């Protein structure tokens, strides 16, 4: 309630905040479309049934999409910093549409790797990188976590509608029909909403902040090369690798895990995980504004580790009640989603907004590498164990505990001495 009241105050005291909220919700809408990545486990089951691929390769388009998405964020971040969010998001919408329309024409493994893994991955990177930076620039530092959480919540929430819609499309029109539908729809949505994105005018100070605060923010700004010279960057990168990779291990296969006890209704687990994913981004963002980023991240990683160990008996039994699977999926999604609002907030706090697009693009490579490596590890461990997810959950749980301990080493870079 306090946050709602604060938002209303912003609108009356700072006319620029109106534009800020328009940009924020346009970014959320773009991410709602780009979140198709999180529904891969629904498509994977249909691909396994209809395409005849090697089971060990079923995750490859998804894993490569995660990797390309992450590294495209560097180029897209540079584009966002130089050309602005509108052009960057428009390019992203076109790339996603072309990639999905291309894979809709074939069952070829190679084409799916390039079309979904590379083109869609690049498109998501360009769209995603253009959504958060302009929104953050319209608001004061005290709202960084909340605004970042709201924008990226769209990406996590996407599976709430994509999972049941995809289930319907797959039953009535098959994989090709579903990809064709999404290809057209996402070009229209992403390119349309991109027209609402814009950065504040030069000299704009959010929330009527004082000149002193403005000057302080300017001093905190760091270039990518300066960021890469700090120990803090590498600690942050490793924690992001662990937090995101562990969550993506589960997200990429949650539908298959749930089918043991939920059957054809397994897509429900995907949808509720998405609700948790989106809620985690918003709640963690707001909480980090109150108690600090580091303490929030510590709590998130510890709870996520516990959930991984709890998931072992839950997914290992065919008699586990559906409601238990749904609850575990929701909480895993919640804690995974928290990473996606905490790390852009960390990046802005530590290295400023001047090169935020490219700086966060570099930090975000941890998400892609984590998703690529750990989803591949999960696929191999599951194949070797005859379909059991136990080894995957143990691996993820141990990594998350290591990540939690690393938060105690995280310290902000020391300010440069005055010349």
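Residue numbers (our numbering): 29 to 447.
By construction, the Cβ of each residue, glycine as well, lies at the ideal position given by its N, Cα and C atoms.
Predicted model only: the values in this text are computed from it and were never measured.
Notebook entry, point to check: Terminal residues of the continuous alpha helix (DSSP H) containing residue 175?
Noted result: 172 to 222
Item checked: Under the three-state DSSP convention, the category residue 51 falls into -> helix
Next item on the list: Compare the Cα-Cα distances from residue 381 to each of 232, 304, 305 and report the closest residue.
Entry: 232
Check: Is the Cβ-Cβ distance between residue 206 and residue 194 less than 8 Å?
Finding: yes
Check: If you drop the 5 nearest sequence neighbours on each side, which residues of the same chain put their C-beta closer than 7 Å to that of residue 209?
Finding: 197
Margin query: So, for residue 406: in the same chain, excluding its five sequence neighbours on each side, which residues have a beta-carbon less than 6 Å away from its beta-carbon?
Written below: 277, 420
Notebook entry, point to check: Can you tell me whether residue 403 is buried or exposed, with buried defined as 16 or more other CB within 10 angstroms of its CB?
Noted result: buried
Note to self: Taking the beta carbon of residue 133 as the centre, do at least 16 other beta carbons fall within 10 Å, making it buried, or is it exposed?
What the structure shows: exposed
Check: For residue 317, which of 371, 362, 392 has the nearest alpha-carbon?
Finding: 371
Notebook entry, point to check: What is the rounded straight-line gap between the Cα of residue 271 and the Cα of residue 358?
Noted result: 16 Å
Check: To which residues of the same chain is residue 408 closer than 6 Å at the C-beta, ignoring the five residues directly before and after it?
Finding: none
Item checked: Nearest residue (CA-CA) to residue 249, options 385, 394, 433, 414 -> 385
Checklist line | Among 56, 342, 398, 71, the one whose alpha carbon lies nearest that of residue 222 | finding: 56
Next item on the list: Could you name the residues of the same chain whose beta carbon sits closer than 7 Å to that of residue 436, not counting the 5 residues immediately before and after it, in chain order?
Entry: none
Checklist line | Given residue 201 as reference, the closest of 333, 78, 337, 398 once Cα atoms are compared | finding: 78
Check: Taking Cβ to Cβ, would you say residue 182 is nearer than 8 Å to residue 388?
Finding: no
Margin query: What ranges does the alpha helix (DSSP H) occupy inside the region 77 to 119, keeping only unbroken runs of at least 4 residues that lie completely in it?
Written below: 88 to 111
Check: Where does residue 439 fall in DSSP's three states?
Finding: coil
Checklist line | Same chain, Cβ closer than 6 Å to residue 125, neighbours up to 5 away in sequence not counted | finding: 211, 214, 215
Checklist line | Rounded distance between the beta-carbons of residue 356 and residue 342, thought under 8 Å | finding: 5 Å
Checklist line | Beta-carbon proximity list for residue 10, same chain, < 6 Å, skipping 5 on both sides | finding: With the chain covering 29 to 447 only, the question about residue 10 has no answer from this structure.
Margin query: Need the endpoints of the alpha helix (DSSP H) that residue 148 sits in, please.
Written below: First-last for residue 148: undefined, no H or E at that position.
Item checked: Integer-rounded CB distance, given that residue 131 should sit under 8 Å from residue 96 -> Their Cβ separation, rounded to whole angstroms, is 14 Å, which puts residue 96 and residue 131 out of contact at 8 Å.
Check: Under 8 Å, do residue 423 and residue 417 count as touching if we go by C-beta distance?
Finding: no
Note to self: Quick check on DSSP: helix, strand or coil for residue 391?
What the structure shows: helix
Margin query: Pop quiz: residue 269 and residue 394 are said to be a contact at Cβ under 8 Å. What is the actual Cβ separation, rounded to whole angstroms?
Written below: 4 Å
Check: So, helix, strand or coil for residue 6, using DSSP?
Finding: Since the first and last residues shown for the chain are 29 and 447, residue 6 lies out of range.
Next item on the list: Work out the CA separation of residue 142 and residue 101 for me, nearest whole Å.
Entry: 18 Å
Check: With C-beta atoms as the reference, is residue 218 less than 8 Å away from residue 62?
Finding: yes
Margin query: Between the alpha carbons of residue 433 and residue 82, how many angstroms are there, rounded?
Written below: 38 Å
Margin query: If I measure Cβ to Cβ from residue 332 and keep anything under 6 Å in the same chain, skipping five residues before and after, which residues do I get?
Written below: 363, 428
Item checked: Reduced DSSP category for residue 432 - H, G, I as helix; E, B as strand; rest coil -> helix
Checklist line | Inter-residue spacing [alpha-carbon to alpha-carbon] between residue 255 and residue 135 | finding: 43 Å
Item checked: Integer Cβ distance of residue 360 from residue 431, believed to fall under 8 Å -> So it is not a contact: roughly 15 Å between Cβ atoms.
Check: Looking at the structure shown, is residue 374 part of a helix, part of a strand, or coil, going by DSSP?
Finding: helix
Item checked: Rounded C-alpha distance that separates residue 99 from residue 148 -> 13 Å
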